[in-house]
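In this text, residue positions in the sequence shown follow the working numbering: the first is 139, and each later residue adds one.
Glycine is no exception: its CB is placed at the ideal position from the N, C-alpha and C atoms.
One structure is given here, and the rest of the page talks about it.
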Amino acid sequence: MKPLTQNLKNKAETEKLFVPYIMAGAQGLDKLAEEIVMLAEQGAAAIELGVPFSDPVADGPTIQAAGLRAFAQQVTLKKLIATLHEIHSEVPLILMGYSNSFFHYGIKELVHDLQGTAVQGLIIPDLPYEHRNLVTPDLGEMALLTLVSLTSPTERIEELTAEAEGFIYAVTVNGITGTDQNFRQDLMEHLAKVKSASKIPVLAGFGISTSEQVKNFQQVCDGVVIGSKIVRSLEEQGTAETGKLVAEIFQ
Numbered sequence: 139m140k141p142l143t144q145n146l147k148n149k150a151e152t153e154k155l156f157v158p159y160i161m162a163g164a165q166g167l168d169k170l171a172e173e174i175v176m177l178a179e180q181g182a183a184a185i186e187l188g189v190p191f192s193d194p195v196a197d198g199p200t201i202q203a204a205g206l207r208a209f210a211q212q213v214t215l216k217k218l219i220a221t222l223h224e225i226h227s228e229v230p231l232i233l234m235g236y237s238n239s240f241f242h243y244g245i246k247e248l249v250h251d252l253q254g255t256a257v258q259g260l261i262i263p264d265l266p267y268e269h270r271n272l273v274t275p276d277l278g279e280m281a282l283l284t285l286v287s288l289t290s291p292t293e294r295i296e297e298l299t300a301e302a303e304g305f306i307y308a309v310t311v312n313g314i315t316g317t318d319q320n321f322r323q324d325l326m327e328h329l330a331k332v333k334s335a336s337k338i339p340v341l342a343g344f345g346i347s348t349s350e351q352v353k354n355f356q357q358v359c360d361g362v363v364i365g366s367k368i369v370r371s372l373e374e375q376g377t378a379e380t381g382k383l384v385a386e387i388f389q
């Protein structure tokens with residue numbers, strides 16, 4: 139079992155998991171270390187680091203804007219990796235980016251260059267499950283995480299979860315990331331179905347922003363992913379105030 143998978147499975151036996159997403163370099167790569175430390179102090183089981191990309195099809199306006207801010211600060215995947223070599227993280231890191239970024243860099247080169255960092259997994263939302271073999275042979279101990287959509291039927295859920303790694307990213311809306319979403323009435327039933335099929339933790343993500351939503355999803359899942367709410371707070375209020383916000387959401 140890969141390190142990220144084992145780590146999260148062990149944690150999920152005793153607590154609900156919180157995995158935050160931030161856009162790497164949106165406030166400058168020099169702020170990344172303090173952002174990671176803050177999220178670790180707030181109990182993050184792992185931290186997703188967004189890799190800025192010019193056409194982020196799964197991302198809503200908040201994260202798109204954060205990517206543009208990162209681009210304005212000349213953030214590249216190569217610079218991000220160099221920065222990660224200088225950061226000690228107490229929790230595992232996961233790079234979330236689009237296939238073009240990773241394939242352009244080279245999967246073998248990426249995995250090699252990430253050695254010695256806290257990165258233990260990748261999320262590539264535009265990589266079809268059927269094409270995962272373009273990535274997995276070169277990952278070594280790195281996990282490739284799986285997203286399960288609301289439209290996935292039972293047979294597809296079973297296929298997606300059979301050999302999944304890290305955690306299952308159970309998408310809670312049809313569409314892009316963001317806050318203030320209207321969730322489907324049968325969402326809890328869908329999440330329970332994903333949970334029953336999975337041997338690894340299942341986390342709900344997309345559109346989660348309040349303490350009430352977190353509590354609701356914790357009833358059927360092993361935890362939640364929160365992105366846009368945190369990304370917006372980091373931009374508007376800074377690291378310290380965002381730490382207070384996260385603490386309030388998970389009180």
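Taking the alpha helix (DSSP H) that residue i belongs to, which residues open and close that run?
| i | result |
| --- | --- |
| residue 141 | 141-150 |
| residue 176 | 170-179 |
| residue 215 | 215-222 |
Between the C-alpha atoms of residue i and residue j, what's the straight-line distance to the nearest angstrom?
| i | j | result |
| --- | --- | --- |
| residue 257 | residue 286 | 22 Å |
| residue 357 | residue 381 | 24 Å |
| residue 368 | residue 184 | 14 Å |
| residue 202 | residue 233 | 16 Å |
| residue 162 | residue 280 | 19 Å |
| residue 149 | residue 241 | 32 Å |
| residue 228 | residue 140 | 17 Å |
| residue 355 | residue 288 | 15 Å |
| residue 245 | residue 352 | 34 Å |
| residue 378 | residue 176 | 8 Å |
| residue 263 | residue 389 | 30 Å |
With distances taken from CA atoms, which of the options is nearest residue i?
| i | options | result |
| --- | --- | --- |
| residue 126 | 328, 163, 250 and 215 | Because the chain here runs from 139 to 389, residue 126 falls outside it and cannot be looked at. |
| residue 266 | 250, 278 and 297 | 297 |
| residue 299 | 151, 332, 165 and 365 | 332 |
| residue 142 | 261, 268 and 323 | 261 |
| residue 399 | 386, 205 and 376 | Absent from the model: residue 399. The displayed extent of the chain is 139 to 389, so no value can be given. |
| residue 137 | 209, 372, 385 and 387 | As displayed, the chain neither begins before 139 nor continues past 389, which places residue 137 out of reach and without an answer. |
| residue 259 | 268, 235, 239 and 292 | 235 |
| residue 192 | 181, 213, 178 and 179 | 213 |
For the beta strand (DSSP E) holding residue i, just list the boundary residues, first then last.
| i | result |
| --- | --- |
| residue 342 | 340-343 |
| residue 158 | 155-161 |
| residue 284 | 284-286 |
| residue 185 | 185-188 |
Indicate the three-state DSSP secondary structure (helix, strand or coil) for residue i in the structure shown.
| i | result |
| --- | --- |
| residue 317 | With a pLDDT of 44 at residue 317, under the threshold of 50, the modelled position of this residue cannot be trusted; read the value that follows with caution. Of the three classes helix, strand and coil, the one that applies to residue 317 here is coil, per DSSP. |
| residue 202 | helix |
| residue 233 | strand |
Please classify residue i: is it buried, with 16 or more other beta-carbons within 10 angstroms of its beta-carbon, or exposed?
| i | result |
| --- | --- |
| residue 339 | buried |
| residue 349 | exposed |
| residue 365 | buried |
| residue 318 | Per-residue confidence for residue 318 stands at a pLDDT of 46, beneath the threshold of 50, marking its modelled position as unreliable; the derived number appears in the next sentence. It counts as exposed. |
If we define contact as Cβ-Cβ less than 9 Å, is residue i a contact residue for chain C?
| i | result |
| --- | --- |
| residue 311 | Reference to chain C is not applicable here, since this structure consists of a single protein chain. |
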